[in-house]
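Data first, discussion second: the structure below is written as structure tokens.
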């Protein structure tokens with residue numbers, strides 16, 4: 003059953019959920035499936051946005067935040083089970099706390115998570131650009147252990163097409179946000195995903211996206227050719243872009259993106275990085291600006307062999323595409 007849309011009703015409904023007498027109040031109902039030093043930590047479920055290409059609100063319901071107490075207890079449990087980096091996940095992390103009537107609850111939660119001794123890194127994922135506020139930016143670059151990593155859901159850069167997607171902003175506003183972030187921390191990692199061939203996308207609008215990406219110099223970029231999803235407004239639109247054109251644009255943009263992210267990686271040569279080792283055989287891990295799985299890796303060059311879970315200080319000496327190669331200091 004989907005929870006009610008009213009934030010107040012939502013929390014009342016949530017509080018009525020029955021917990022078995024055999025489960026202690028506040029217990030973490032979770033089991034680890036691996037021994038990795040990183041783990042996701044879900045802070046909310048559902049989404050109140052109605053992007054015309056996305057069916058998440060239909061099958062996951064309205065946005066419901068977990069309480070800070072629940073999140074902190076699970077973070078402590080993860081730390082007790084060998085995790086040193088947590089990444090906070092939801093469909094829209096910038097909305098955390100709005101159903102409690104506190105849109106700055108994330109700014110209050112981060113310092114509390116930072117107090118957990120064995121947690122060394124805190125990473126936020128999936129930020130809505132239109133909801134990013136100055137206090138959140140400041141917290142993400144100043145709260146101890148929170149890494150300067152910005153996973154921003156831009157999706158496109160043409161304002162008219164974004165409006166058709168039921169989203170906000172445009173390339174100019176997004177570049178301003180990127181400038182704000184880099185003014186606070188020039189070495190911050192910024193990643194985003196983009197949709198190519200949304201219904202009605204013209205050649206000129208596609209060129210707007212190319213121009214934006216060329217200027218933005220993002221660290222990691224995901225490119226997806228549009229396809230209809232059931233239960234979405236996008237599926238009902240009649241001005242579809244031909245599949246052949248979507249394929250051509252996706253290929254063209256992917257080639258450009260490979261060049262752009264390599265250039266951004268090369269700009270990090272000479273930077274000091276702290277690398278969390280995740281593969282002992284390959285001496286492979288991630289620096290603070292690299293998210294798990296999708297943002298590239300950092301390979302350590304040293305006479306020593308480091309264990310999984312160790313943090314190693316190094317200097318970037320060369321790159322291989324989006325991946326960095328770093329010499330231990």
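Numbering (the numbering used here), first residue to last: 3 to 331.
Ideal placement from N, C-alpha and C gives every residue a C-beta, glycine not left out.
As the structure is a prediction and not an experimental result, all values here were calculated from the model.
| Check | Outcome |
| --- | --- |
| Tell me, please, whether the segment 127–137 touches the segment 61–74 by the rule of three or more beta-carbon pairs shorter than 8 Å. | no |
| For residue 244, I'd like the list of residues in its chain whose CB is within less than 6 Å of its CB, leaving aside the five on either flank, ordered along the chain. | none |
| Which term fits residue 35, buried or exposed, when burial requires 16 or more other beta carbons within 10 angstroms of its beta carbon? | exposed |
| Decide if residue 299 is buried, meaning its Cβ has at least 16 other Cβ atoms within 10 Å, or exposed. | buried |
| Relative to the C-alpha of residue 200, which residue among 192, 210 and 163 is closest? | 163 |
| At 4 residues or longer, and completely inside the segment 227–306: list those alpha helix (DSSP H) runs for me, N to C. | 245–268 |
| Residue 341 and residue 198: beta carbons closer than 9 Å? | What is shown of the chain runs 3 to 331, which leaves residue 341 out entirely. |
| Which partner residues does residue 197 have in the DSSP bridge list? | 226 |
| List, from N- to C-terminal side, the alpha helix (DSSP H) runs of 4 residues or more that fit wholly inside the segment 138–176. | 161–166 |
| What span of residues does the alpha helix (DSSP H) with residue 217 cover, start to end? | 205–218 |
| Would you call the segment 222–234 and the segment 268–286 touching, i.e. three or more CB-CB distances under 8 Å? | no |
| Figure out for me which residue from 58, 115, 144 and 51 has the closest Cα to the Cα of residue 100. | 51 |
| Check this for me: beta carbons of residue 45 and residue 95, under 9 Å apart or not? | yes |
| What are the boundary residues of the beta strand (DSSP E) that residue 100 is part of? | Unbroken run through residue 100: none, as it is neither H nor E. |
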